[in-house]
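The numbering of the sequence shown is the numbering used here, which starts it at 344 and goes up by one.
Glycine residues also receive a C-beta, built at the ideal position from the N, C-alpha and C atoms.
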Amino acid sequence: MKTSKILTWALLLSATTLGMSSCSDDDEERTPEIVTDPIAENVTYYIVGRTMEGTTPLSGVTVSVDGQEPVETDNSGLFRISVSGKQTYTVKATKDNYLGMTATVSIPNNAENRSSVTANFVLTPKAAAATLPANNEEAVIDETGEVEAIADIEEAGIQVPANKVDTNTDVTVTPYVASNSATTSIMNMYIETSNEVQANAIKLAVRNASSQYNFTNVEVYKESDMSRAESRLGEADYDAETRTYQYNLQEGTLEGDYSFRVNAARQEGGEQDEPIEGAENTVDNSGNFNAMNNITISYSAPMGWEYVTAPESTVVGNDPISEQINNAIVASEGPQGVYNVNFSEQTNISGNHILYWNVESTYKTINYTFNLNNGQTVTVTVKKYTGTKFDYRIEDANGHSGGGSQVG
């Protein structure tokens with residue numbers, strides 16, 4: 344009897360050992376489910392931005408990049424275009440009855456997959472035309488039509504001498520604030536005529552917003568519709584009586600874009616990184632042999648620019664000259680203001696792998712110094728968000744490089 348019990352226990356122990364060995368063998372033979380990583384397999388960069396009319400977001404603007412499908416801005420004036428190459432792109436923003444705008448942006452060689460750069464625009468409605476009759480008398484035309492004198496122009500205009508046209512001619516003068524032009528223009532004017540008009544002896548004028556301050560060394564440039572080439576025409580004179588910067592055209596035809604620019608010193612700091620709240624996470628699928636699919640990565644990133652030191656906090660205070668200082672910065676950096684762009688990506692995680700992701704904003708600090716009359720200078724500082732950096736990797740939980748992916 345005793346021998347029988349011992350034999351029974353021996354058989355049970357043997358069976359248990361075999362069972363455990365079998366389970367262990369099954370675990371060792373099981374491999375994690377491997378799935379594709381859609382982010383790593385499709386390298387994409389984003390060109391994002393906002394279009395404005397003055398300080399109001401502008402919807403329905405067509406934004407295009409060569410080689411990509413055009414998109415339209417939404418109700419917040421926002422757009423996003425996906426590109427795949429690390430290169431320089433020309434971005435165009437157009438809308439019926441508005442002046443179109445163009446900017447260039449570059450995806451740098453060290454850009455990480457799913458990173459972004461910005462292009463922001465200010466669009467201006469085209470002004471109504473004024474008609475110069477044949478054998479015209481001297482006339483002054485601004486964005487409102489014909490006015491009495493140069494002193495009466497609102498933002499920018501032209502003075503046309505008598506007998507300039509020999510047939511009825513419509514003339515449109517549209518003043519606008521340039522954006523992303525890499526210049527410090529205080530005002531541009533775009534001129535269209537229904538018939539060719541010789542430019543000689545026509546006077547261009549841009550109103551100075553201030554009765555106390557004015558810029559020194561204002562230069563005038565022209566970009567022709569016919570050649571798209573830009574040329575420096577000369578230096579404008581300041582007329583204190585009419586409070587206008589003036590330039591007398593000497594040759595060519597009256598058409599295209601005329602830009603009044605100040606010689607501001609621009610000093611740009613190096614690009615820096617800034618954490619985005621909530622824009623990081625770890626998704627741990629270690630110890631799980633099944634894959635996780637359709638994992639969402641979402642975050643909201645700031646774009647645009649804001650003042651660190653505004654014109655109003657300098658010697659000019661709340662003087663209207665601060666508006667034209669702002670125009671010059673908008674001409675170079677795009678419309679003022681910081682806004683947020685929402686991003687969302689989806690990915691998959693293989694079994695026994697871990698996803699790590701983190702997004703940071705990139706920004707620069709830029710100083711502008713403007714020279715005013717009486718030897719005064721004004722220095723303002725802006726903080727400009729230039730895009731985002733996207734750090735993303737999926738690693739094997741066992742530390743083997745073969746199961747992970749890092750995109751950049």
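- Judged by DSSP secondary structure, I529 falls within the beta strand (DSSP E) whose first and last residues are 528 to 536.
- For E384, the secondary structure class from DSSP, reduced to helix, strand or coil, is helix.
- Rounded to the nearest angstrom, the Cβ distance from E498 to F733 is 42 Å, too far for a contact under 8 Å.
- The three-state reading of DSSP puts S665 in helix, counting H, G and I together.
- Of the candidates T461, V673, T445, the residue whose Cα lies closest to the Cα of P451 is T461.
- In terms of CA proximity to S687, A622 leads the group G428, I672, M530, A622.
- Around the CB of G612, fewer than 16 other CB atoms lie within 10 Å, so the residue is classed as exposed.
- Following the DSSP letters along the chain, one finds T437 inside the beta strand (DSSP E) bounded by residues 431 to 437.
- When DSSP states are grouped into helix, strand and coil, I493 belongs to the helix group.
- The count of Cβ pairs closer than 8 Å, one atom from the stretch 721 to 729 and one from the stretch 632 to 641, stays below three, leaving the stretches out of contact.
- T536 places its beta carbon less than 8 Å from that of V514.
- Taking Q411 as the centre and dropping the five residues before and after it, the same chain places the C-beta of I424 closer than 6 Å to its C-beta, in chain order.
- Contact between A544 and G595 is ruled out by a C-beta separation of about 12 Å, above the 8 Å threshold.
- A straight line joining the alpha-carbon of S553 with that of D580 spans about 16 Å.
- Looking from the CA of N551, the closest CA among G488, T445, I496, E481 belongs to I496.
- In the three-state scheme derived from DSSP, where H, G and I count as helix and E and B as strand, I545 is classed as coil.
- Here the alpha carbons of G742 and V426 stand approximately 33 Å from one another.
- When the beta-carbon positions are compared, G392 and F464 come within less than 8 Å of each other.
- Each residue's CA atom was taken as its position, placing P678 and V520 some 9 Å apart.
- Looking at E562, L475, E649, the one whose alpha-carbon comes closest to that of Y682 is E649.
- Runs of the alpha helix (DSSP H) lying entirely within the stretch 662 to 723, each at least 4 residues long, are 664 to 676 in chain order.
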